[in-house]
Amino acid sequence: MSDMDASLPSSAPAPRAAGPADVDLDRVWTGVATQVWRRDPGRVERLAGRLLRSPGLARALVATPSLLLAWIIATVVVLFAGAAATLATGTPYVALLAPAVAAAGIAYAYGPGIDPAWELSRSMAVSDRMVLLVRALAVFGLNAALGLAASALSGAAAALTFGWLVPMTAVCALALAAATVARSAIVGVAAGVAGWVIAVLSGAAAVVNCPPAAVTNSALVLPYLAFAACCAAVAVYATRIPKGTS
Numbered sequence: 005m006s007d008m009d010a011s012l013p014s015s016a017p018a019p020r021a022a023g024p025a026d027v028d029l030d031r032v033w034t035g036v037a038t039q040v041w042r043r044d045p046g047r048v049e050r051l052a053g054r055l056l057r058s059p060g061l062a063r064a065l066v067a068t069p070s071l072l073l074a075w076i077i078a079t080v081v082v083l084f085a086g087a088a089a090t091l092a093t094g095t096p097y098v099a100l101l102a103p104a105v106a107a108a109g110i111a112y113a114y115g116p117g118i119d120p121a122w123e124l125s126r127s128m129a130v131s132d133r134m135v136l137l138v139r140a141l142a143v144f145g146l147n148a149a150l151g152l153a154a155s156a157l158s159g160a161a162a163a164l165t166f167g168w169l170v171p172m173t174a175v176c177a178l179a180l181a182a183a184t185v186a187r188s189a190i191v192g193v194a195a196g197v198a199g200w201v202i203a204v205l206s207g208a209a210a211v212v213n214c215p216p217a218a219v220t221n222s223a224l225v226l227p228y229l230a231f232a233a234c235c236a237a238v239a240v241y242a243t244r245i246p247k248g249t250s
């Protein structure tokens, strides 16, 4: 043991090894970011860039996990399987499935833990709130369009076809609020799906043997809209810019 080692108290932490002097970590990170963002934009991304007037926001939009091709295919399969079940049984499964499917997609529009471009999008000039708003609107619009197409194929009545759009808005707002507050897409999915299951079961209990009551009862429209507004306010607050940052 050297004299220097002997002079150190036994409880002192061991000195940390310094990194290589010839490695510039900032430059390495810049290289990683360049590799991630260097991909040439496709047609959808170029169109989104023209509409949004922001190439960075368009890249963040097309990188949304719930807008990737595999997710969209899974959504189509679920909704059109519900349409087939509706044709066979007469029960409006599309109206019951669409809000839950949309809630899951909205929750997975939020980034931490599930978005490979999350850390890079944080460094963009566009605010996190704007990125989330564009993603949420795109996911909601896509799910609404797919749900309407599935409802039309199932031969559901017009009132029922559009009736689930309001509860879908409320459930999506709940999922988004839970995801942003907990900073976890999984928590958002759990909250959205659980909330919709409770709403369906409550509607079925209020109107005996009528599970679609959650989407057919016009008296629930205003409560759904009020609940959606409250959840949206929570999501906006959770994605606020902290004081002292630009």
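Heads up: the sequence shown begins at 5 in this note's numbering, then just goes up one per residue. Here a beta-carbon is modelled for each residue, glycine too, at the ideal position from N, C-alpha and C.
Residue state for Y241 is assigned as helix, using DSSP reduced to three classes. Per DSSP, the continuous alpha helix (DSSP H) segment holding W75 begins and ends at L73 to T93.
Inclusion of A186 and C235 in the CB contact set at 8 Å is not warranted, their separation being larger than that value.
The beta carbons of L137 and T79 sit no closer together than 8 Å. Taking a contact to require three or more Cβ pairs closer than 8 Å, the region 83–102 and the region 58–74 do not qualify as touching. Straight-line spacing of the CA atoms in G192 and A108 works out to 7 Å. Taken through DSSP and simplified to helix, strand or coil, R139 comes out as helix. Contact check for A189 against Y114 passes: the beta carbons are separated by less than 8 Å. By the neighbour-count criterion, in which a residue is buried when 16 or more other Cβ atoms sit within 10 angstroms of its Cβ, Y241 is exposed. In this structure, S155 sits near A99, with a CB-CB distance shorter than 8 Å.
Rounded to whole angstroms, V175 and G199 show a C-alpha spacing of 7 Å.
Per DSSP, reduced to three states, the secondary structure at I118 is coil, with no helix or strand assignment. For T68, the secondary structure class from DSSP, reduced to helix, strand or coil, is coil. Here the C-alpha atom of T243 lies approximately 44 Å from the C-alpha atom of A92. In the DSSP assignment, P103 falls within the unbroken alpha helix (DSSP H) covering Y97 to A111.
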